[in-house]
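Trainee: If you read the sequence shown in the numbering used here, its first letter stands for residue 1, the second for the next number, and so on. Have a look at the structure that comes next, please.
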Amino acid sequence: MRLLIVEDDVLIRKTVEMKFRKEGFEVVVAIDGKDGMEKFETTDPDIVLTDIMLPYISGLEIVRAIKSRPNKSIPVIVFSTMGQEAMVEEAYRLGADEFVKKPFSLAELAIRVKRLTKS
1 MRLLIVEDDV LIRKTVEMKF RKEGFEVVVA IDGKDGMEKF ETTDPDIVLT
51 DIMLPYISGL EIVRAIKSRP NKSIPVIVFS TMGQEAMVEE AYRLGADEFV
101 KKPFSLAELA IRVKRLTKS
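In structure tokens:
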């Protein structure tokens with residue numbers, strides 16, 4: 001099971017990466033929205049975890065691009081901090097499957113990922 005993490009915060013990115021590697025996932029990481037879209041195109045992930053606020057390409061644009069693909073349904077979980085309710089609503093409108101508020105519990109995130117990937 002391949003998981004793509006798109007997160008510009010180094011500490012969050014590395015923490016989430018280590019958690020899911022321990023859970024047995026093949027993890028691909030991207031440091032910003034542009035890198036995230038490139039890695040999405042080249043790695044064919046089974047699930048995507050993305051921050052909403054990213055340099056170059058926003059997490060909302062990533063959700064829109066992924067969910068507009070015909071014939072393939074890839075779950076997307078978005079991260080956001082407090083005070084971004086309008087962006088969270090937009091992410092759901094664009095097709096995001098889950099929302100996790102920062103700071104978040106790694107255990108809760110793992111449960112949500114496993115539920116969406118049935119792994």
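Where is the CB? At the ideal position from N, CA and C, for every residue including glycine.
1) To the nearest angstrom, how far is it from the Cα of aspartate 32 to the Cα of threonine 15?
2) At the level of alpha carbons, what is the spacing between serine 68 and isoleucine 12?
3) Who are the near neighbours of aspartate 97 in its chain, counting only those whose CB is closer than 7 Å to its CB and skipping five residues on each side?
4) Could you spell out where the beta strand (DSSP E) holding glutamate 2 opens and where it closes?
5) Check the DSSP bridge columns for alanine 30 and list the partner residues they point to.
Mentor: With the structure as the only source:
1) To locate residue 32, count along the sequence shown from 1; it is residue 32. To locate residue 15, count along the sequence shown from 1; it is residue 15. Approximately 16 Å, taken between the alpha carbons.
2) Reading the sequence shown from its first residue, position 68 is the one you call residue 68. Reading the sequence shown from its first residue, position 12 is the one you call residue 12. Whole-angstrom Cα-Cα distance: 27 Å.
3) Reading the sequence shown from its first residue, position 97 is the one you call residue 97. Counting only Cβ-Cβ distances below 7 Å, and skipping sequence neighbours, we find Pro75, Val76, Ile77 and Leu116.
4) As a first step, residue 2 is located in the sequence shown; it is residue number 2 there, counting from the start. Note on residue identity: the sequence assigns arginine, not glutamate, to residue 2. Counting along the chain, the beta strand (DSSP E) containing arginine 2 begins and ends at 2-6.
5) By 1-based counting over the sequence shown, the position of residue 30 is 30. Looking at the DSSP assignment, alanine 30 forms a beta bridge with Val6.
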